[in-house]
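Chemist: Before we start, here is the structure in question, set down as structure tokens.
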Amino acid sequence: PLEYGHGTLVQKYEHFCVTFSEADFSGRYAWVETIEDEKLVHKLKKLNEHQLEMLTLISFEGYTQEEAAKCMEIPYRTFKYQLKKLRNFLK
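Anchor point for the sequence shown: position 75 equals 59 in this note's numbering, and the numbering is continuous, going up by one each time.
Put into structure tokens, the structure is as follows:
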């Protein structure tokens, strides 16, 4: 089984951590399907692939914002701005 929850955001909200087998789900963003909060899932399903990738890198894979920006090949300042907008949307 793969355990998500190593990122700082998930560490802050440990009650959202889950353990599951990736074989049970398809795709890189399968973690969305494991969330029990219906309102949050509804919002997450409205996100595009770019936004889901940002969340995956930061929240589940434990990358820093600067590292995630490099992975996504976008400027750090742009990444920070987009992440701030994304967090506000998910509140």
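For glycine and all other residues, C-beta sits at the position ideal for the given N, C-alpha and C. Just so we're clear, the structure is a prediction, and the values are computed from it rather than from any experiment.
May I ask you to report which of helix, strand or coil DSSP gives residue 41?
Modeler: Taking the sequence shown and counting its residues from 1, the one referred to as residue 41 is at position 57. Of the three classes helix, strand and coil, the one that applies to residue 41 here is helix, per DSSP.
Chemist: Does the separation of the CB atoms of residue 12 and residue 40 fall below 8 Å?
Modeler: Residue 12 sits at position 28 when you count from the first residue of the sequence shown. Residue 40 sits at position 56 when you count from the first residue of the sequence shown. In contact: residue 12 and residue 40 (Cβ atoms closer than 8 Å).
Chemist: In the DSSP assignment, find the unbroken alpha helix (DSSP H) run with residue 62 in it and report its ends.
Modeler: The sequence position of residue 62 within the sequence shown is 78, counting from 1. Run containing residue 62: 60 to 74, per the alpha helix (DSSP H) assignment.
Chemist: For residue 24, name the three-state secondary structure that DSSP assigns.
Modeler: Stepping through the sequence shown from its first residue, residue 24 is reached at position 40. Here residue 24 sits in helix by DSSP.
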